[in-house]
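Under the UniProt record's numbering, think of the first position of the sequence shown as 1, with each following residue one higher.
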Amino acid sequence: MCDCTDHKEEIPAYDAKTIEEKWVKAWDDENLFAVDTDPAKPKKYVLEMFPYPSGDLHMGHARNYTIGDAMARQARMRGFDVLHPIGFDAFGLPAENAAIKHNTQAAAWTYKNMDQALATMKRMGFSYDMDRLVKTCSPDYYRWGQWIFEKLWERGLVYRKKNPVNWCPKCETVLANEQVTEGRCWRCDSEVEKRDLEQWYIKITAYAQELLDDLEKLPGWPERVKQMQANWIGRSEGAEVDFTLCDAEGNPIEGDEGKITVFTTRADTLFGNTFFLLAPEYKGLMEMVEGTEYEDAVREVVEGAKHISAVERAQGTLEKHGAFTGRYVVNPVSGAKVPVWVADYVISDYGTGAVMAVPCGDQRDFEFAKKYDLPIVPIILSDDDPLYDQLKDEKSTVVTSVDWDEALTCEGTLVQSGKYTGMVGGKHSEGEAAIVADLEAAGTGKRSVQYRLRDWLISRQRYWGNPIPAIHCEHCGIVPVPEDQLPVTLPENLDLGAGETLAECRDFYETTCPVCGAPARRETDTMDTFTCSSWYYLRYTDPHNTELPFSKDAANHWMPVDNYIGGIEHAILHLLYSRFFTKALRDMGFLDVDEPFTNLLCQGMVKDENGDTMSKSKGNVVPPSSVIEPYGADTMRLAILFIAPPEKDFDWDPKAVAGANRFIKRAWNIVWRLANDGDANAVLDTSVFSDADMKLYRERHRTIARCTQDFDRQQFNTAISAVMELVNAASTYLNAVAAGERNAALCRLVATDIVSVLAPVCPFWGDELWHEALHNEGSVYTAPWPEFDLSEAVEDEVEIAVQVLGKMRAHTKVPTGATPEQMQAAAESVASKWLEGKTVVKAICVPGKLVNLVVK
Numbered sequence: 001m002c003d004c005t006d007h008k009e010e011i012p013a014y015d016a017k018t019i020e021e022k023w024v025k026a027w028d029d030e031n032l033f034a035v036d037t038d039p040a041k042p043k044k045y046v047l048e049m050f051p052y053p054s055g056d057l058h059m060g061h062a063r064n065y066t067i068g069d070a071m072a073r074q075a076r077m078r079g080f081d082v083l084h085p086i087g088f089d090a091f092g093l094p095a096e097n098a099a100i101k102h103n104t105q106a107a108a109w110t111y112k113n114m115d116q117a118l119a120t121m122k123r124m125g126f127s128y129d130m131d132r133l134v135k136t137c138s139p140d141y142y143r144w145g146q147w148i149f150e151k152l153w154e155r156g157l158v159y160r161k162k163n164p165v166n167w168c169p170k171c172e173t174v175l176a177n178e179q180v181t182e183g184r185c186w187r188c189d190s191e192v193e194k195r196d197l198e199q200w201y202i203k204i205t206a207y208a209q210e211l212l213d214d215l216e217k218l219p220g221w222p223e224r225v226k227q228m229q230a231n232w233i234g235r236s237e238g239a240e241v242d243f244t245l246c247d248a249e250g251n252p253i254e255g256d257e258g259k260i261t262v263f264t265t266r267a268d269t270l271f272g273n274t275f276f277l278l279a280p281e282y283k284g285l286m287e288m289v290e291g292t293e294y295e296d297a298v299r300e301v302v303e304g305a306k307h308i309s310a311v312e313r314a315q316g317t318l319e320k321h322g323a324f325t326g327r328y329v330v331n332p333v334s335g336a337k338v339p340v341w342v343a344d345y346v347i348s349d350y351g352t353g354a355v356m357a358v359p360c361g362d363q364r365d366f367e368f369a370k371k372y373d374l375p376i377v378p379i380i381l382s383d384d385d386p387l388y389d390q391l392k393d394e395k396s397t398v399v400t401s402v403d404w405d406e407a408l409t410c411e412g413t414l415v416q417s418g419k420y421t422g423m424v425g426g427k428h429s430e431g432e433a434a435i436v437a438d439l440e441a442a443g444t445g446k447r448s449v450q451y452r453l454r455d456w457l458i459s460r461q462r463y464w465g466n467p468i469p470a471i472h473c474e475h476c477g478i479v480p481v482p483e484d485q486l487p488v489t490l491p492e493n494l495d496l497g498a499g500e501t502l503a504e505c506r507d508f509y510e511t512t513c514p515v516c517g518a519p520a521r522r523e524t525d526t527m528d529t530f531t532c533s534s535w536y537y538l539r540y541t542d543p544h545n546t547e548l549p550f551s552k553d554a555a556n557h558w559m560p561v562d563n564y565i566g567g568i569e570h571a572i573l574h575l576l577y578s579r580f581f582t583k584a585l586r587d588m589g590f591l592d593v594d595e596p597f598t599n600l601l602c603q604g605m606v607k608d609e610n611g612d613t614m615s616k617s618k619g620n621v622v623p624p625s626s627v628i629e630p631y632g633a634d635t636m637r638l639a640i641l642f643i644a645p646p647e648k649d650f651d652w653d654p655k656a657v658a659g660a661n662r663f664i665k666r667a668w669n670i671v672w673r674l675a676n677d678g679d680a681n682a683v684l685d686t687s688v689f690s691d692a693d694m695k696l697y698r699e700r701h702r703t704i705a706r707c708t709q710d711f712d713r714q715q716f717n718t719a720i721s722a723v724m725e726l727v728n729a730a731s732t733y734l735n736a737v738a739a740g741e742r743n744a745a746l747c748r749l750v751a752t753d754i755v756s757v758l759a760p761v762c763p764f765w766g767d768e769l770w771h772e773a774l775h776n777e778g779s780v781y782t783a784p785w786p787e788f789d790l791s792e793a794v795e796d797e798v799e800i801a802v803q804v805l806g807k808m809r810a811h812t813k814v815p816t817g818a819t820p821e822q823m824q825a826a827a828e829s830v831a832s833k834w835l836e837g838k839t840v841v842k843a844i845c846v847p848g849k850l851v852n853l854v855v856k
């Protein structure tokens, strides 16, 4: 399409570099992006997950922040009071490892990277309120992380305990369960080991049910993320059943250790329990076999399990290994003496670490029983099973072995189950209810709810993290650091390259007990960095508060975050922890909201031209500068938002970038041409419009409506498509109507509209045209979003198809909203030659679409 102009000498060339440098400075000088905090306006809190400063930003960052920036800019134009901050998740192992590698300090490396990232953000035109910048490695931030830790401690939500923990040998630190993916470290992908260590925990399980229930309060979250969290929390309804431990002669073991409790969701299968299993980590297991003939075999299983990930063990797909302990338990409903084994497919992270094995209904137990020649007793069968007639009566013959190839589904009627034989079995079944009721009456069982979720292990044995504010005193035990002594700051002179740690730094750990004044030792573990990112969105609401981490008024004004943008990889870790922190702080009285993030957008991954996800480790990242240098930041932003919907992955395409640049230049020329023909003082009067004027005017309302709706749906690619349609319509108008005949008010309106709706995506381009082509004051960013009226987009006439006996014969135009009678008359007029000698017996009218004439 030709975009020739009558004003070539008046249209400056599009010079992205000069324009962007100009507006970066202007926006800084005007402090344009500072929060207004205007109570008269509705608030909008737009937030992207803050970055880890491991180097300069890459295209994945650029996509995340461009999405959020477009939302924030458009929201302000829509009349919202917008909070749009940024910061850095600045503690963590990569900085420490880089400091060791480059023989520098972690702080120096981190602050250098933050400065580089901020410079890149500025080049990309992101509208952050820099007065609210948060850096988690700054003492004025992590002071309040320590303060929150102590408040959680006061409420019994922090404790220290010795437990088998996940140990990453490469990172040389422990990991929370959530940070182990398929048996490997979430950060370095090393195989994780189990070690017994005394560590600090946050009691997230205290909120397990609320965290599960309140997922229903999050309609603005992707269903996939909510399901991932629900699965991780893992609520199971069942019963706790007590088994009595005994020796080979059936003599009970006295004391607390004489009872082992299991959790089961299928109490109805108790009569099928032919052996009993303990996890290799089960407390007291080795003491149970110490000095017996079974000790060596049990120890071999225990040691072997340390080299298999918990995930692989729980899946049960590997070959199973076990050993008999020489002990037995008494089944509380059948009275049978059941042998106790240790098995490597049982894990301690679920239930009690003890399992009543039912090989007839569990495939893992079935395979274990087959390997070690243990009984398999069928206790639940379908009515058409060949064994059913033999076993359906309470006094039927006992069957303790089967020739099955696999376990059954455990659904049907109970058999070989004493007085419960004949009852329906299954979860929440008649048989299950009867057995649990009898267990409760006998005092050997009770209803119970269990969760897969485990308490959050936050201890880290590394330097670059938030110090845990605790002091170990021989006389007073473990006591918190007094609030007026916070923050506990990190030393800045550790020789990390030589392997020096906080535990070896006497200047750090030597202290006095704040209770008794005796010499004491400061805690040398630091907190998991996810504690820093679990409340940073609250600090943004009141970042300069020196009395509290944030004021309740500020938090209640801005929270919850209205639009949160970040990767799906944080579905379990960061998002679950943040929900917990919000609820715990709410219960302490520091804010009133239940959930931190109302709407969550998980943006897709940016992949290279080969379809591989970009990552620094692969060396395939595309730096933003590779697009900004030749084309400008606006082209980069436009390409990122136009290539695909924000939630979808996409392959980086240099051709799409070049195409985005061509469109920006074309739209630049169209706006200039419209502006040169426009008049800011002209009055828009549709009564004097020509047909061409009216067509452009209607297209203006239609495309502005579509663009607005697509922004609301966060479908920026189709919103940009709508802008492209308006640019095309404007080009058609300019090429069809002579310069002196163009409507000045309409030209001005459409030029303003194109700039306004594209400005959130291309802000430098937008402000330059706003000032230089349209000669407006202020910023387009602070101007109102264009209004639209869909009734103004309705055509006076609409074209309809005319059929005769279902065959297409002609087209004609009828008034918009024409009656069936009017449509039939128009159709008969244009189809007259097909109606000669025939009688119209019926007209089938589809309003605004077609008329089918039925004749005979």
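Quick reminder that beta carbons are idealized off the backbone N, C-alpha and C, glycines included. Note that the coordinates shown come from a computational prediction; the quantities given were computed from them, not determined experimentally.
Query raised in the report: Based on the DSSP output, what are the partners of Val158 in its beta bridges?
Result: BP columns for Val158 point to Ile202.
Report task. Leaving aside the five residues before and after Ala90 along the sequence, list all residues of the same chain whose C-beta is less than 7 angstroms from its C-beta, in chain order. Result -> Taking Ala90 as the centre and dropping the five residues before and after it, the same chain places the C-beta of Pro53, Thr110, Met114, Lys135, Thr136 and Cys137 closer than 7 angstroms to its C-beta, in chain order.
Requested in this report: State the Cα-Cα distance for the pair Asn331 and Thr264, rounded to the nearest angstrom.
Outcome: Roughly 14 angstroms separates the two Cα atoms.
Requested in this report: Could you check if Asp365 is buried or exposed, using at least 16 other CB atoms within 10 Å of its CB as the buried criterion?
Outcome: With 16 or more other Cβ atoms inside 10 Å of its own Cβ, Asp365 counts as buried.
Query raised in the report: In chain order, what residues of the same chain lie with their CB nearer than 8 angstroms to the CB of Lys849, ignoring the 5 residues before and after it?
Result: These residues qualify, in order along the chain: Ile800 and Ala801.
**Report entry** According to DSSP, residues forming a beta bridge with Asn563
**Finding:** Assignment of beta-bridge partners to Asn563 by DSSP yields Val46 and Asn599.
Report task. Just confirm the distance between the C-beta atoms of Val342 and Tyr328, as a whole number of angstroms; I'd bet it's less than 8 angstroms. Result -> Their Cβ separation, rounded to whole angstroms, is 14 angstroms, which puts Val342 and Tyr328 out of contact at 8 angstroms.
Query - the ligand GTP heavy atom lying under 7 angstroms from the CB of Glu96 - result: You won't find the ligand GTP in this model; it holds no ligand whatsoever.
Query - CA nearest to the CA of Lys856, picked from Ser779, Glu411, Ile640 and Leu805 - result: Ranking Ser779, Glu411, Ile640 and Leu805 by Cα distance to Lys856 puts Leu805 first.
Report task. Check each candidate in Thr819, Gln461, Thr812 and Ala70 and name the one with the smallest Cα separation from Val830. Result -> Ranking the options by Cα distance to Val830, first place goes to Thr812.
Requested in this report: Determine the DSSP secondary structure at Ala407, reduced to helix, strand or coil.
Outcome: It is coil, neither helix nor strand.
Report task. Taking Val723 and Leu758 to be in contact with their CB atoms under 8 angstroms, please state how far apart those CB atoms are, rounded to whole angstroms. Result -> About 5 angstroms separates the beta carbon of Val723 from that of Leu758, a gap short enough to meet the 8 angstroms contact definition.
**Report entry** Beta-ladder partner(s) of residue 883, from DSSP
**Finding:** Within the shown structure, residues of the chain are numbered from 1 to 856, placing residue 883 beyond reach of any answer.
Query raised in the report: Mapping DSSP to helix, strand and coil, what is Ile260?
Result: DSSP, reduced to helix, strand and coil, places Ile260 within a strand of the structure shown.
Query raised in the report: With a cut-off of 8 angstroms, do at least 3 Cβ pairs link the stretch 507-523 to the stretch 461-476?
Result: At 8 angstroms Cβ cutoff, the stretches touch.
Requested in this report: Report all residues from its chain with a CB closer than 8 angstroms to the CB of Asp171; omit the five preceding and five following residues, and keep chain order.
Outcome: Looking at the sequence provided, one finds Cys at residue 171 rather than Asp. Cβ within range, chain order: Leu93, Cys185, Arg187, Cys188, Ser190 and Arg462.
Query raised in the report: So, do the stretch 759-774 and the stretch 665-682 have three or more beta carbon pairs nearer to each other than 8 angstroms?
Result: The stretch 759-774, when compared against the stretch 665-682, does touch it at the 8 angstroms Cβ threshold.
Query - Assigned secondary structure, Ala759 (DSSP; H/G/I helix, E/B strand, else coil) - result: Note: Ala759 maps to coil in three-state DSSP.
Query raised in the report: Which word fits Asn103, buried or exposed, when buried means at least 16 other C-beta atoms lie within 10 angstroms of its C-beta?
Result: It counts as exposed.
Query raised in the report: The alpha helix (DSSP H) spanning Asp438 covers which residue range?
Result: Following the DSSP letters along the chain, one finds Asp438 inside the alpha helix (DSSP H) bounded by residues Glu430 to Ala442.
Requested in this report: For Gly335, count neighbouring C-beta atoms within 10 Å of its own C-beta (all shown protein chains included) and say buried if the count is 16 or more, exposed if not.
Outcome: The residue in question, Gly335, is exposed, as its Cβ has fewer than 16 Cβ neighbours within 10 Å.
Query raised in the report: Can you pull the DSSP bridge partners for Tyr451?
Result: DSSP lists Arg235 as partners of Tyr451.
Query raised in the report: According to the Cβ coordinates, are Asp767 and Ser756 closer than 8 angstroms?
Result: Not in contact: Asp767 and Ser756 (Cβ atoms no closer than 8 angstroms).
Requested in this report: Could you pull the start and end residues of the beta strand (DSSP E) that Leu278 belongs to?
Outcome: Per DSSP, Leu278 is one residue of the beta strand (DSSP E) stretching across Phe275 to Leu278.
Query raised in the report: Who does Ala343 pair with in a DSSP beta bridge?
Result: Answer is Gly322.
Query raised in the report: With a cut-off of 8 angstroms, do at least 3 Cβ pairs link the stretch 645-653 to the stretch 721-737?
Result: In the pairwise beta carbon analysis, the stretch 645-653 is classified as not touching the stretch 721-737: fewer than three pairs are separated by under 8 angstroms.
**Report entry** Start-to-end residues for the beta strand (DSSP E) that takes in Met356
**Finding:** Taken as a continuous stretch (DSSP letters only), the beta strand (DSSP E) holding Met356 covers Ala354 to Ala357.
Report task. Check whether the Cβ atoms of Gly412 and Gly425 lie closer than 8 angstroms to each other. Result -> Yes, they are a contact pair.
Query raised in the report: Is the beta carbon of Tyr345 sitting closer than 8 angstroms to the one on Ala323?
Result: Cβ atoms of Tyr345 and Ala323: not closer than 8 angstroms.
Query raised in the report: Given that a residue counts as buried once 16 or more other Cβ atoms are within 10 Å of its Cβ, and exposed if not, what is Ala108?
Result: Burial state of Ala108 is exposed, judged by a 10 Å Cβ sphere holding fewer than 16 other Cβ atoms.
Query raised in the report: Out of curiosity, what's the CA-to-CA distance linking Pro763 and Tyr781?
Result: The alpha-carbon atoms of Pro763 and Tyr781 are separated by roughly 8 angstroms.
Requested in this report: Using 10 angstroms around the beta-carbon of Gln824, count the other beta-carbons present and answer buried if the total reaches 16, otherwise exposed.
Outcome: Of the residues assessed, Gln824 falls on the buried side of the cut-off, its CB having 16 or more other CB atoms within 10 angstroms.
Query raised in the report: Of all the options Leu453, Val840, Asn97 and Met71, which has the alpha carbon lying nearest to the alpha carbon of Lys44?
Result: Selected option, being the one with the closest Cα: Met71.
Query raised in the report: Straight-line CA distance for Thr244 to Glu319?
Result: Answer to the nearest angstrom: the Cα atoms are 30 angstroms apart.
**Report entry** According to DSSP, residues forming a beta bridge with Cys516
**Finding:** Note: Cys516 sits in no beta bridge, so no partner.
**Report entry** Contiguous alpha helix (DSSP H) assignments of at least 4 residues, all confined to the UniProt domain "Methionyl/Leucyl tRNA synthetase" (49-194)
**Finding:** Those alpha helix (DSSP H) runs which fall completely within the UniProt domain "Methionyl/Leucyl tRNA synthetase" (49-194) and span 4+ residues are 59-77, 93-102, 106-123 and 139-154.
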